[in-house]
Structure formats: C-alpha cells, structure tokens
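Have a look at the structure below, then the notes.
2 protein chains.
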Amino acid sequence: MDVALKSPEDGQHPAGPGRALDELHQELARRWAGADALDSICRYAVLPAGKLFRPILLLNAAACVGGRAEEVLPAAVGTECGHVASLVHDDIIDRDEMRRGRFSVQHAFGADDAIIAGDALIFDLFGCLAECRATGIADERIVSALAAVSKAGLDMCRGQHLESRLQGRLDCTVETYLEMVSLKTAAFFRAACACGGILGGGEHEQIRALCAYGDHLGVAFQIHDDLLAYTSATTATGKPADSDVRNRRLTLPVILGYRRGGSAAAELKRIMTGAVEPEQAFGAMARLLGETGAIAAAGALANEQAVLAYEALAALPDSPHRTRLAEFAWRAVERTW
Amino acid sequence: MDVALKSPEDGQHPAGPGRALDELHQELARRWAGADALDSICRYAVLPAGKLFRPILLLNAAACVGGRAEEVLPAAVGTECGHVASLVHDDIIDRDEMRRGRFSVQHAFGADDAIIAGDALIFDLFGCLAECRATGIADERIVSALAAVSKAGLDMCRGQHLESRLQGRLDCTVETYLEMVSLKTAAFFRAACACGGILGGGEHEQIRALCAYGDHLGVAFQIHDDLLAYTSATTATGKPADSDVRNRRLTLPVILGYRRGGSAAAELKRIMTGAVEPEQAFGAMARLLGETGAIAAAGALANEQAVLAYEALAALPDSPHRTRLAEFAWRAVERTW
C-alpha cells in the first residue's frame, strides 16, 4: 500500500465537514444545559469544545462502513464526554491549573467538584450509548459497543496508573512507554473507531482494521503531543509548555535522550529529579533534547505510528471518509495545535 | 396492605442464601485478580466485601420477576463495583481515612490512585453489564439496564454535589434533604432493583414497583446510616462515629434538631461551624440530638420510608424473594451494622 500521506486542503478544518461539527457542539451544549450546579461545571468542562477528535473519528469510522451520522451522533458525543472526564481527573492528579487555554476544572471549581464532574461525564458517556437506541441503532450493536467502550475505559485507567508509576523512571524502555500510551491515550481512539465500526454495522474485519487504525493513530497523536511543548509556540492542550517538565512526566523524547547516555543523560536526570531551578528546567530540557537528536527520533517514531495507522485503512472500502481518516493520520503528526 | 414487617430468622445473614453470597465474592475476586498494580488497588477497594446490599437486591429483584441468578450475576457484581467506586471517591472528598474498619483507599494509596481506581470501577460496572450477554440475557434487556444504570450514576453524582453544597446549611428543609438522599444514596438502590427487574424479564409495572421499592429503601437506609453514629457502638460504614460531625456533613437528625429552634439550635450551629472543640463536638451533638427528640423523629421518618418500600412490593407476585425484599425494608431501619 502506498503510504504517501495526503496533505490537507488549505483552510479546511481538520475536524471535517462543518455540519457534523455544529451538531456535535449543539448536542454537547444540550446535554449539560440544566440549571443544576453540576451541569454548569460539566458545561464548563466540555465547552468551548476542544478538537473533538474522538467524536469525529467515530463519525468517520461509522461512515466508512456505511453507518449514518445521525444514528451514531449520541455515541460520538459520548466519546467526547468520556475523554473530557479523563482530562478533568488528570488535571487533579497533575495539579494542572490550565487546560484548553483557561483554568482547569479543578482549579476553577476545586478538586472535590472536579472528581464528581468527571464521574458524571463517565456515566453520561454510557448514557449516550444507551441513547443510540432512540436514533435507530439495533440493540445488538449497542451491547457490542458497550463492551468495547467499557474495556477502553479500563485500559485508559490502567494507562493513567502506569504513567504515574513511571514518573521519573528515566530508564523506562521505549516498549513500556508505547504500552503506556497505547493504554492511556490510544484506548479512546480505539474505542471511538471501534464504536463507529460496530454501530455503523461494519463487518468483523472492518472493525478490527478500525481498531488497529485507532490504536496507531492514538500513539502517534500522544508522541506528537509530547513533542509539541518543544516544537510549537502553543501546546495542543492549552497547558503551559513546561507542564510535563514541571510534573516530571515521562515523555518519549526524554526517554530517548536518556538512552543516549553520557553527560546528556546525567543532565536529564538532574532536571527530572528537580535538581535544576524550575525557571531553567524547561529551557535546559528543550536544549538537551534537541542536541541529542531525541526530538527528531521521537518524531520519527510518531511518523512510523502514523504510517501504520494509514496502512490499517487498506482493509476498508475506498470512500471520502476513509480518505479523511487517512488525512487524520497525517495531521496527527503534523499539527501545531 | 398489611405493613407489619416480618422479623428475620435468627442467625440468618441479612444478605440471603449463602450460595449467592459466595458466588458474588468469588466473582468480585476474579475480576480484580490481575497482577497489574491497579488491580491490587481495586481488589483492596472491593474486598473484603461490605454488606453487598446492592448486588443482593439485584439478585432478589430479578428472582421476583422470574429471572435466574446465574444470568444476572455479572450485573449484580457490577452494582457493587459502581457502589465501591462512589465510596472510594467520596472518601477523597470527605478526607475520610477509614472505611469498612480499615484504611480508606485514598489513605492507603493516596488520592491520585484513588481517583483512577474509582474510575476503573465505574468502567467495570458497565463492563459487567455487557458481560450479561454471555450469560444469556437478551441484548434488548441489557440496553434497557444500561439506560437505567447510567441515569442512576448521574443521579448519584448530582446527589453528591448537592450534598457538598448543603454542607453546613442547617436551614436545609427536610424535603431538600430527602431529594439529596434520593439522588445520592437511593439512586444505586433503584438501579439495582431496576436492573434486576429488567434483566430478569419483568413487566413494566413490576419494574416500576421495584424502582419505587429501591428508592424508599435507599432513603430509609441512608437516614438509618445517619443515625447509626448516635445509636450504635460501631457504624455501618466502618468509619469513626464522629466522621459526619467532623466533616460538618448535614444529616437528618441535625436538620430536625435545628428546626426545634431555641438554645438547642444555637448550640447545633456552634458545633456545625466548628466553634466547639473537636474532642467535644461529637458528644455535644449526640446529647443535643437526643434531648431535642431529633434522633427519634429521624428514626420515625426512616420507618415511614421503610413502610413505603414494603408497600411498593404489593405489585409483585408473592414469592420467597419478595419476602426477602420485604425483610430488607425492615432490616434497613433496624440493623446495628
């Protein structure tokens, strides 16, 4: 299969056609429009929406196998609720005060309310799945999607927990890092693609291909996210660029830089153990990762995953939606947002 | 309907027949038997098991409408996972160090891991539902149960949030308190009864009756829980008796005592605003609530709810399982554990 990834058309939003985006926004707003105080916290968490990458993946995956957007829309919205739940809880764990360019939920409302709001968003993810009955999806497909989503949620938790155990473990192997990212980040990409395939009525092999695509895409996306702090003026998450360094979060370039050994490894260790002044830590880290070629090497690994994602699509029939999924693979490692 | 509640047979465990209990324990242990570090935290959270009240409700509700225990067992286990998730997250919010007579998850493993473990348990609740397909439950019933459980989860979050907003609000009405408890505590009782009825193949009216039963039972249960700190040597939750007072958690006897007005109300306010020394607060509170008759009045309201729960069962056919549900109504307000 030709792996030359297509370049996006200029000015086209990576999320795809505007109408689906509008409907996603409206549906997210509608779900949390209540007067209850908890609604206002959940509304703050989900809106203004982020990239809506997972719901758009779900919509395109469904379309790839002949599913209709209006039927799978609740599930698409659900994946965003589940994703935002993980961000809300992650920000408590990481003590991150900023998210998407403004105060995180835990900083704006306090950690206690953020715990409850995250839980509410997880429950609503499953409420969204149940609502697919009303849009005409067969119960048999909903139960299969339920199995995929609950499994993905558990994987995500395992990945979050593994990440916290790896904190500061510079001797982490690339394999362990990839396992962690496949659990933590790619799980919901997989779930979105699997749900789209299942709810859209895909055959077994098509759903398997969509899962493989989602897995590799998620890993590519996370590696690129790790790199954005060093390569982009703003970060994709709206968090300060030095968040990872400050939290001593293990990222792929750091692992690769440490494996170079020598004085660079010693200096990385000093930074990751807090021996370098906080104001200088991020700059020193960026310089080291550039000089050792770790940033370039991590970028190459992200590209490799994007190519694998692209190749997985070969099992799906050619369609504009498959082309869009292929574009996402390219964008996952090229975006600056 | 005759509301004379049956008294339990001596020596019989309130949870019902031993075999179902054994299977619940085994299944809980099996779900979290993995070597993963997150498994060990979840295992610590769910085992040794508490009263298993919600799963046993589900099993009996299913049996009431002709359902088979082995078919609904995964869902029963799921309600326990969901319930434990709420305890794990509640203990973070309340800074409770003890639960079920030993360290709470947040105290034993830290709040960050407790957040992740609670999330994992919520996802597993839904994974359990999906597993009912393998035991022979029709997909149509699973999707209906999914809708009921996700709604209950959201209700529970709304109740937790309402409770935190009511903290220290002594002028809270009994109606608002009952609304909060119906959301926070009774939601999972309702969900367990509804799931049993739905998965067991009950008719619409039977499921409605089971929901009403679960709702009143849950409210009675929570009021009685509020009272146990003052009436029992040990508390049902394994938390210190002074936990509610220390956390200034609004409970029904406190609301009723405050409504008596006069010097008692002024003294309650002093205790609930932290103006009384912590070592004396609980004793002073217990004395005031006894003297004002607030404990007796709250007990009467709990009994009222238990009677309503009992009466709701009239819509179900007579069976040993209905008798057991009736016994639960009685035990909910008589237990000392």
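Residue numbers (our numbering), protein chains in the order written: chain A, 1 to 337; chain B, 1001 to 1337.
Even for Gly, the Cβ is constructed at its ideal location relative to N, Cα and C.
This one's a predicted model, so the numbers in the text were calculated from it and none came from an experiment.
If you draw a straight line from the C-alpha of residue i to the C-alpha of residue j, how long is it?
i, j, result
"His204 of chain A", "Gln1026 of chain B", "33 Å"
"Phe189 of chain A", "Asp225 of chain A", "14 Å"
"Ala1020 of chain B", "Cys1064 of chain B", "15 Å"
"Glu1179 of chain B", "Asp1171 of chain B", "15 Å"
"Ile93 of chain A", "Asp1112 of chain B", "5 Å"
"Ala1300 of chain B", "Glu1334 of chain B", "12 Å"
"Lys1051 of chain B", "Arg1100 of chain B", "10 Å"
"Ala268 of chain A", "Ala332 of chain A", "The question names Ala, but residue 268 of chain A in the sequence shown is Leu. Using only the alpha carbons, I get a separation of about 27 Å."
"Ser7 of chain A", "Leu228 of chain A", "Reliability of the predicted coordinates at Ser7 of chain A is poor, the pLDDT of 35 falling under 50, and no value is obtained from them."
"Thr185 of chain A", "His1216 of chain B", "42 Å"
"Ala1309 of chain B", "Phe1328 of chain B", "9 Å"
"Arg31 of chain A", "Val1219 of chain B", "28 Å"
"Ala984 of chain B", "Ala1029 of chain B", "The question about residue 984 of chain B has no answer, for chain B in this structure spans 1001 to 1337."
"Ala1315 of chain B", "Asp1022 of chain B", "30 Å"
"Ala1302 of chain B", "Trp1330 of chain B", "10 Å"
"Leu1125 of chain B", "Thr173 of chain A", "33 Å"
"Ala130 of chain A", "Ala1085 of chain B", "21 Å"
"Pro48 of chain A", "Arg1165 of chain B", "25 Å"
"Ala148 of chain A", "Asp1242 of chain B", "43 Å"
"Gly1127 of chain B", "His1083 of chain B", "14 Å"
"Thr1336 of chain B", "Gln1222 of chain B", "13 Å"
"Ser1232 of chain B", "Ile1198 of chain B", "36 Å"
"Asp1002 of chain B", "Ala1187 of chain B", "Unreliable placement is indicated for Asp1002 of chain B, whose pLDDT of 34 sits below 50; no coordinate value is reported for it."
"Leu1024 of chain B", "Arg1133 of chain B", "18 Å"
"Ile207 of chain A", "Phe282 of chain A", "42 Å"
"Glu80 of chain A", "Gly261 of chain A", "41 Å"
"Ala1306 of chain B", "Tyr1177 of chain B", "17 Å"
"Asp1090 of chain B", "Ala1138 of chain B", "34 Å"
"Arg1248 of chain B", "Gly110 of chain A", "18 Å"
"Leu313 of chain A", "Leu162 of chain A", "29 Å"
"Leu1087 of chain B", "Arg102 of chain A", "31 Å"
"Glu1304 of chain B", "Ala1209 of chain B", "17 Å"
Assuming residue i contacts residue j (C-beta within less than 8 Å), just tell me the rounded distance between them.
i, j, result
"Gly214 of chain A", "Ala194 of chain A", "7 Å"
"Cys1211 of chain B", "Ala1117 of chain B", "Wrong, their Cβ atoms sit about 29 Å apart, outside the cutoff."
"Ala120 of chain A", "Leu1154 of chain B", "6 Å"
"Gly1067 of chain B", "Gly1201 of chain B", "6 Å"
"Ala192 of chain A", "Arg54 of chain A", "4 Å"
"Val143 of chain A", "Ile1056 of chain B", "With 8 Å as the limit, Val143 of chain A and Ile1056 of chain B do not qualify as a contact, their Cβ atoms being about 25 Å apart."
"Pro1317 of chain B", "Met1098 of chain B", "Not confirmed; about 43 Å, so no contact."
"Ser182 of chain A", "Phe1123 of chain B", "About 17 Å separates the two Cβ atoms, so there is no contact after all."
Is it buried or exposed, residue i, if we count other Cβ atoms within 10 angstroms and call 16 or more buried?
i, result
"Ala1326 of chain B", "buried"
"Gln280 of chain A", "exposed"
"Thr251 of chain A", "buried"
"Pro278 of chain A", "exposed"
"Ser1263 of chain B", "exposed"
"Glu70 of chain A", "exposed"
"Asp1244 of chain B", "buried"
"Glu1175 of chain B", "exposed"
"Asn273 of chain A", "What sits at residue 273 of chain A in the sequence shown is Thr, not Asn. Under this definition Thr273 of chain A is an exposed residue."
"Leu266 of chain A", "One detail in the question is off: residue 266 of chain A reads as Ala in this sequence, not Leu. Exposed: under 16 other Cβ atoms inside 10 Å."
"Gln1012 of chain B", "Residue confidence is low: Gln1012 of chain B scores 38 on pLDDT, short of 50, so the model does not pin down where it sits. Its coordinate-derived value is still stated next. The residue is exposed, with fewer than 16 neighbouring Cβ atoms inside 10 Å."
"Ala1297 of chain B", "buried"
"Ala1045 of chain B", "buried"
"Gly1136 of chain B", "exposed"
"Ala1275 of chain B", "exposed"
"Ala1004 of chain B", "Residue confidence is low: Ala1004 of chain B scores 33 on pLDDT, short of 50, so the model does not pin down where it sits. No coordinate-derived value is stated."
"Pro1253 of chain B", "buried"
"Ala33 of chain A", "exposed"
"Gly1196 of chain B", "buried"
Hey, does residue i have any beta-carbon neighbour from chain C nearer than 7 Å?
i, result
"Ile115 of chain A", "Absence of chain C from the displayed structure is noted, the protein chains being A and B."
Just to check, is the beta-carbon of residue i closer than 6 Å to a non-hydrogen atom of the ligand NAP?
i, result
"Ala298 of chain A", "By its list of ligands, the structure shown contains no ligand whatsoever, and the ligand NAP lies outside what it can speak to."
With contact counted as at least three CB pairs below 8 Å, one residue from each stretch, are the region 1037-1054 of chain B and the region 151-169 of chain A in contact?
-> Yes, the region 1037-1054 of chain B is in contact with the region 151-169 of chain A.
(request) Could you pull out every unbroken beta strand (DSSP E) segment of at least 3 residues lying fully inside the region 194-238 of chain A, listed in chain order? (result) Considered as a whole, the region 194-238 of chain A harbours no complete run of any beta strand (DSSP E) with no fewer than 3 residues.
Touch test, the region 246-263 of chain A against the region 283-292 of chain A, Cβ-Cβ under 8 Å, three pairs minimum: The region 246-263 of chain A is in contact with the region 283-292 of chain A.
query: Taking contact to mean at least 3 C-beta pairs separated by less than 8 Å, is the region 1066-1076 of chain B in contact with the region 1093-1112 of chain B?
result: Not touching, per the Cβ criterion.
Can at least three beta-carbon pairs, one atom from the region 1041-1060 of chain B and one from the region 1312-1332 of chain B, be found at a separation below 8 Å? Yes: at least three Cβ pairs fall under 8 Å.
My parser needs the beta strand (DSSP E) runs of 3 or more residues fully inside the region 1123-1163 of chain B; what are they? Listed in chain order, there is nothing to give.
**Prompt:** At which residue ranges does the region 52-110 of chain A contain complete alpha helix (DSSP H) runs of 4 or more residues, listed in the order of the chain?
**Reply:** For secondary structure counted as the alpha helix (DSSP H) over 4 or more consecutive residues, the region 52-110 of chain A holds these complete runs in sequence order: 53-64, 69-93 and 105-109.
Practice item. Output the residue ranges of the alpha helix (DSSP H) runs that lie fully inside the region 241-280 of chain A and measure 4 residues or longer, sorted by chain position. Key: The region 241-280 of chain A contains, as complete alpha helix (DSSP H) runs of 4+ residues, the segments 243-246, 252-259 and 262-272 (chain order).
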